[in-house]
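Asks: I am attaching a structure below and will ask some questions about it afterwards.
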Amino acid sequence: MTLKVGVIGTGMIGQDHIRRLTTVLSGVAVTAVSDIDADRARAAAPEGAEVFGTPQALIRSDAVDAVVICSWGPAHEEQLIDCIAAGKPVFCEKPLVTSEKAALNVMEAEVAFGRRLVQVGFMRRFDADYRRLKAVIDSGTLGAPLMYHSVHRNASVPEGLYTSEMPLNDTLVHDADISRWLLSDEIAAVEVRLPRRSTRGGELRDPHFVLLHMAGGALVDVEISVNIAYGYDIRGEVSCEQGIAALPNRPATVVSDRHGIRQAIPEDWRERFIEAYDQEFREWILAAGQGTATGPSTWDGYAATLVADAALRAVASGGREVIAMRDKPALYETAMSKAA
Ligand code: NAD
Ligand code: ISE
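Counting from 1, position 339 in the sequence shown corresponds to residue 587 in our numbering; the numbering is continuous, with no gaps.
Below, the structure written as structure tokens:
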């Protein structure tokens with residue numbers, strides 16, 4: 249059976265996901281698209297796909313079994329709630345939403361529906377290097393994890409659209425999620441230190457040094473740089489009681505010429521995480537075909553949103569901002585896949 253998918257938001261990642269759903273993965277077809285920029289939606293629509301004037305019309309259409317949301321974060325809440333109301337499985341790019349209230353609204357709607365429908369786009373959980381790193385930590389051979397050092401560097405960000413809050417609510421959320429997942433623990437408090445501002449970004453507040461206090465006492469330090477010029481560089485190293493475990497340097501062709509010996513650095517997330525996105529959609533298609541969702545959940549999106557909110561407060565206060573989570577609904581207790 250072919251899963252008929254409607255894509256909302258046909259910008260950078262929307263187009264990349266349409267490409268993989270159309271030309272890389274099987275058992276799936278993009279049958280509908282929608283974007284507030286109608287020209288962009290038309291240009292991105294694969295052959296035979298219907299272009300809808302509104303996300304709501306796409307979600308309700310019989311031409312759509314399941315939805316992929318790639319619009320901007322603040323638009324996600326309404327679109328997610330519409331998908332849940334229609335009983336359709338939905339893959340939503342991170343961030344799930346951009347406020348605690350919005351996250352709780354989505355969670356309440358899904359819990360009331362009674363079945364998981366939402367998978368959040370935390371693709372690092374599907375990356376083979378991160379999965380191997382987690383397997384080492386979970387095996388216990390290195391003892392308990394004490395610290396995790398996370399480096400998240402973007403070469404640059406789109407001018408104009410990218411505000412000073414976005415390094416925290418759009419970029420840090422990946423590190424928050426992967427820390428929770430790798431260390432199997434919740435984040436209890438957040439601090440942010442602001443190094444000297446990079447002069448490359450004009451008014452943009454960059455970089456950030458973030459400290460995440462895990463509930464069990466481990467500490468995570470995160471470098472968030474969104475304008476570092478040289479490439480997309482993602483690193484991670486876990487210090488445990490009896491050894492360390494780190495992500496490997498990504499293999500790349502070694503070029504030797506009169507400038508020296510070097511390896512290319514990915515330009516952006518599309519290149520670095522290409523296989524991870526493919527795998528995250530393989531698993532999503534399987535679950536969506538059965539009318540449900542696995543992998544990173546609304547709960548995980550909620551947790552990351554609380555971290556972003558706390559980080560924003562920590563910038564303002566200069567102190568340690570505590571996170572208070574609501575009780576976890578039973579719907580989110582079951583580990584249904586490797587990525588859960
Ligand atoms: P983008 O600006 O290139 O594209 C967003 C598109 O959504 C635009 O075409 C815009 O017109 C459309 N849009 C905005 N609001 C809409 C609405 N209410 N209804 C319909 N369309 C709407 O941005 P992008 O880089 O593609 O990012 C989109 C989302 O994907 C963001 O949530 C972003 O955080 C996430 N993202 C995730 C990753 C990842 O690594 N997982 C990478 C990039 C972006
Ligand atoms: C972007 O939206 C992503 O999600 C990328 O994975 C991240 O590295 C980047 O900082 C975000 O802007």
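Beta carbons are placed, not taken as given, at the ideal position from N, Cα and C, and that holds for glycine.
Measuring only the C-alpha atoms, how far is residue 390 from residue 505?
Replies: Working through the sequence shown from its first residue, we reach residue 390 at position 142. Working through the sequence shown from its first residue, we reach residue 505 at position 257. Residue 390 and residue 505 have their alpha carbons spaced roughly 41 Å apart.
Asks: According to DSSP, is residue 349 helix, strand or coil?
Replies: Mapped onto the sequence shown, residue 349 falls at position 101. If DSSP states are grouped into helix, strand and coil, residue 349 belongs with the helices.
Asks: Would you grab the beta carbon distance between residue 365 and residue 540 for me? Rounded to a whole angstrom, and I think it's under 8 Å.
Replies: To locate residue 365, count along the sequence shown from 1; it is residue 117. To locate residue 540, count along the sequence shown from 1; it is residue 292. Going by Cβ atoms, the distance from residue 365 to residue 540 rounds to 7 Å, so yes, they are a contact pair.
Asks: Can you say whether residue 520 is buried or exposed, counting buried as having 16 or more other CB atoms within 10 angstroms of its CB?
Replies: In the sequence shown, counting from the first residue as 1, residue 520 sits at position 272. Classification for residue 520: buried.
Asks: Mind pulling the alpha helix (DSSP H) runs of 4 or more residues that sit fully within the stretch 522-577?
Replies: 522-537 and 546-565
Asks: Are residue 440 and residue 456 touching if we call contact CB-CB under 8 Å?
Replies: Within the sequence shown, numbered from 1, the residue matching residue 440 stands at position 192. Within the sequence shown, numbered from 1, the residue matching residue 456 stands at position 208. Yes. Within cutoff.
Asks: Is the beta carbon of residue 397 within less than 7 Å of some heavy atom of the ligand ISE?
Replies: As a position in the sequence shown, residue 397 is number 149, starting the count at 1. Checking the Cβ of residue 397 against the ligand ISE gives no.
Asks: Runs of 4 residues minimum, wholly inside the stretch 254-335: which ones carry the alpha helix (DSSP H) assignment?
Replies: 260-267, 286-292, 303-308 and 324-333
Asks: In angstroms with no decimal places, state the Cα-to-Cα distance between residue 510 and residue 481.
Replies: Numbered from 1 along the sequence shown, position 262 holds the residue referred to as residue 510. Numbered from 1 along the sequence shown, position 233 holds the residue referred to as residue 481. Cα to Cα, the separation comes out at about 15 Å.
Asks: Nearest-angstrom Cα distance between residue 584 and residue 562?
Replies: Numbered from 1 along the sequence shown, position 336 holds the residue referred to as residue 584. Numbered from 1 along the sequence shown, position 314 holds the residue referred to as residue 562. With a pLDDT of 43 at residue 584, under the threshold of 50, the predicted position of this residue should be treated as unreliable, though the coordinate-derived value follows. Distance between residue 584 and residue 562, taken at the CA atoms: about 34 Å.
Asks: In whole angstroms, what is the alpha-carbon distance linking residue 459 and residue 474?
Replies: To locate residue 459, count along the sequence shown from 1; it is residue 211. To locate residue 474, count along the sequence shown from 1; it is residue 226. Looking at the two C-alpha atoms, the distance is approximately 17 Å.
Asks: Could you check whether the Cβ of residue 546 sits closer than 7 Å to any heavy atom belonging to the ligand NAD?
Replies: Along the sequence shown, one-based indexing puts residue 546 at 298. Answer for residue 546: no, Cβ out of range of the ligand NAD.
Asks: Are the beta-carbon atoms belonging to residue 235 and residue 381 less than 8 Å from one another?
Replies: No answer is possible for residue 235: it lies beyond the span of the chain, which begins at 249 and ends at 588.
Asks: For a test of the three-state rule: what should DSSP assign to residue 403, helix, strand or coil?
Replies: The sequence position of residue 403 within the sequence shown is 155, counting from 1. Looking at residue 403 - three-state DSSP - the assignment turns out to be coil, as it is neither helix nor strand.
Asks: Does the distance from the C-beta atom of residue 370 to that of residue 532 stay below 8 Å?
Replies: Walking along the sequence shown from the start, residue 370 turns up at place 122. Walking along the sequence shown from the start, residue 532 turns up at place 284. No, these two residues do not count as a Cβ contact at 8 Å.
Asks: For the ligand ISE, is there a heavy atom less than 7 Å away from the beta-carbon of residue 419?
Replies: Counting from one through the sequence shown, the residue named residue 419 turns up at place 171. Yes, the Cβ of residue 419 comes within 7 Å of a heavy atom of the ligand ISE.
Asks: What are the start and end residues of the alpha helix (DSSP H) that includes residue 387?
Replies: Here residue 387 corresponds to residue number 139 of the sequence shown, with the count starting at 1. Looking at the DSSP string, the run of the alpha helix (DSSP H) that includes residue 387 is 376-387.
Asks: Would residue 461 and residue 426 qualify as a contact pair, given that the criterion is a beta-carbon distance under 8 Å?
Replies: Locating residue 461 in the sequence shown gives position 213, counting from the first residue. Locating residue 426 in the sequence shown gives position 178, counting from the first residue. No; because the gap between Cβ atoms is not below 8 Å, this pair is not in contact.
Asks: Grab the span of the alpha helix (DSSP H) containing residue 431 for me, first residue to last.
Replies: The residue labelled residue 431 in the question sits at position 183 within the sequence shown. First-last of the alpha helix (DSSP H) with residue 431: 420-431.
Asks: May I ask you to check if the CB of residue 307 is nearer than 7 Å to at least one heavy atom of the ligand NAD?
Replies: As a working note, residue 307 is residue 59 in the sequence shown. Every heavy atom of the ligand NAD is 7 Å or more from the Cβ of residue 307, so no.
Asks: Can you tell me which of 507, 526, 487 and 490 puts its alpha carbon nearest to the alpha carbon of residue 265?
Replies: Translated into positions along the sequence shown, residue 265 becomes position 17. Of the candidates 507, 526, 487 and 490, the one whose C-alpha sits nearest the C-alpha of residue 265 is 526.
Asks: Within the same chain, show all residues whose beta-carbon is closer than 6 Å to that of residue 470, passing over the 5 residues directly before and after it, in chain order.
Replies: For the purposes of this step, residue 470 is taken as the residue at position 222 of the sequence shown. Correct list, in chain order: 398, 423 and 458.
Asks: Applying the criterion that 16 or more other CB atoms from any shown protein chain within 10 Å of the CB defines a buried residue, is residue 499 buried or exposed?
Replies: Sequence index remark: in the sequence shown, residue 499 carries index 251 (1-based). Residue 499 should be labelled exposed.
Asks: Specify the secondary structure class of residue 441 as computed by DSSP and reduced to three states.
Replies: In the sequence shown, the residue the question calls residue 441 occupies position 193. In the structure shown, the three-state DSSP call for residue 441 is strand.
Asks: Are the stretch 328-336 and the stretch 282-293 in contact at 8 Å, needing three or more beta carbon pairs?
Replies: no
Asks: Consult DSSP for residue 579 and reduce its assignment to one of helix, strand or coil.
Replies: For the purposes of this step, residue 579 is identified with residue 331 of the sequence shown, where counting begins at 1. Of the three classes helix, strand and coil, the one that applies to residue 579 here is helix, per DSSP.
Asks: Compute the distance between the beta-carbons of residue 280 and residue 251, then report whether it is under 8 Å.
Replies: Indexing the sequence shown from 1 puts residue 280 at position 32. Indexing the sequence shown from 1 puts residue 251 at position 3. Not closer than 8 Å, so no.
Asks: Apart from the five residues on each side of it in sequence, which residues of its chain come closer than 8 Å, Cβ to Cβ, to residue 463?
Replies: Numbered from its first residue, the sequence shown carries residue 463 at position 215. Hits under 8 Å: 433, 434, 435 and 436.
Asks: Kindly indicate which three-state DSSP category residue 231 falls into: helix, strand or coil?
Replies: Nothing about residue 231 can be read from this structure; the chain reaches only from 249 to 588.
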